[in-house]
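Using my numbering, the first residue of the sequence shown is number 43, and each one after it goes up by one. Virtual Cβ for every residue (Gly too), placed ideally from N, Cα, C. A quick note: this is a predicted structure, and the numbers were derived from the prediction, not measured. Encoded as structure tokens, the structure appears first; notes follow it.
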Amino acid sequence: AGITVFSGSGVSSATAGVRVALRGLTINGLGGSNGVNMSDGSSLVIDRCYFSNFTDGVYFMAAGKLRVVDSIFNGNGYGIQARGGTTTITRSSFFENSYGAYVAATAGETVVDVEKSVVSGSAASGFYVSAGSGATARLMVTESSVTGNVNGVFAYALSGGTVSTTVSNSTLSHNTNALRVDGGAVMVVSGNTVTRNSMGMVNFGSTLKSAGNNSVQENVGNVSGAITNFDTM
């Protein structure tokens, strides 16, 4: 089944407590701003869907839960933009977006967990996470492929915000910056292969912690900035 969106959002939800599930849909933008827009609601499930040519494939700012499984986001400004609640992304692919998944906490806590997914060709960042004053954002990336982006995984804490990012057992290659942390954010990396990037790990005045088991080699520059090693138990 397919939906073509000429203006506004293809699917919208602004009702407290509502549960929305979309399965097997192709949603294409021809002037529309969002494939799916949930500003309130209990849960949103995206299963085996395809989003293309939107400002936001999925715009999620509810306090509930977003679950994305086996879906594709191609040629959007933001594949997924999460500004609240808890998001789980599994076995999904992000191709040629400005941002694959964009996590921005402006109040309270926003949590995003990405596993077994692919992000490639992002003009800005594959996975981006930030938090404003008084807000907390957490991003976990596990067993994923991050290739050919300007920034592979980019964590940035605005003044007064708290950002925590974990990247583990993933492959990051052919990015300008594979792993980048800035603004006082914290990034923990473990078991990753970081190769053939312009820069492997970049720390701008923040905290970059390594378990000491990452393979960082054959980059133009492997490391910029301080890295704190820690022991695993």
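Could you work out which residue in Ser84, Ser215, Gly226 and Thr235 is closest to Ala197 when comparing CA atoms only? Gly226
Using CA atoms only, rank isn't needed, just tell me which of Val183, Val110 and Val244 is closest to Ile93. Looking at the sequence itself, residue 93 is Phe, so the reference to Ile does not match. Of the candidates Val183, Val110 and Val244, the one whose C-alpha sits nearest the C-alpha of Phe93 is Val110.
My understanding is that Asp98 touches Gly119, with C-beta atoms under 8 Å, so please give their C-beta distance in whole angstroms. 6 Å
Once DSSP output is grouped into helix, strand and coil, what is the label at Ser54? strand
Determine the direct distance from the alpha carbon of Ala124 to that of Val87, and round the result to whole angstroms. 14 Å
Unbroken beta strand (DSSP E) run spanning Lys158, endpoints: Where Lys158 is concerned, there is no enclosing beta strand (DSSP E), given that its DSSP letter is neither H nor E.
Buried or exposed: where does Arg222 fall if 16 or more other Cβ atoms within 10 Å of its Cβ makes it buried? buried
Mark Asp36 as exposed unless 16 or more other C-beta atoms lie within 10 angstroms of its C-beta, in which case mark it buried. Absent from the structure is residue 36, since the part of the chain shown begins at 43 and ends at 275.
Could you tell me the distance, in whole angstroms, from the CA atom of Met241 to the CA atom of Ser84? 40 Å
State the Cα-Cα distance for the pair Glu260 and Ile131, rounded to the nearest angstrom. 30 Å
For Ala146, three-class secondary structure by DSSP: strand
Nearest chain D C-beta to Asn95 closer than 8 Å, yes or no? Of the protein chains in the structure, only one exists, and it is not chain D.
If you run the structure through DSSP and keep just helix, strand and coil, what is Phe272? coil
Spatially closest choice to Val160 from Asn264, Ile122, Phe137 and Val205, by CA coordinates: Phe137
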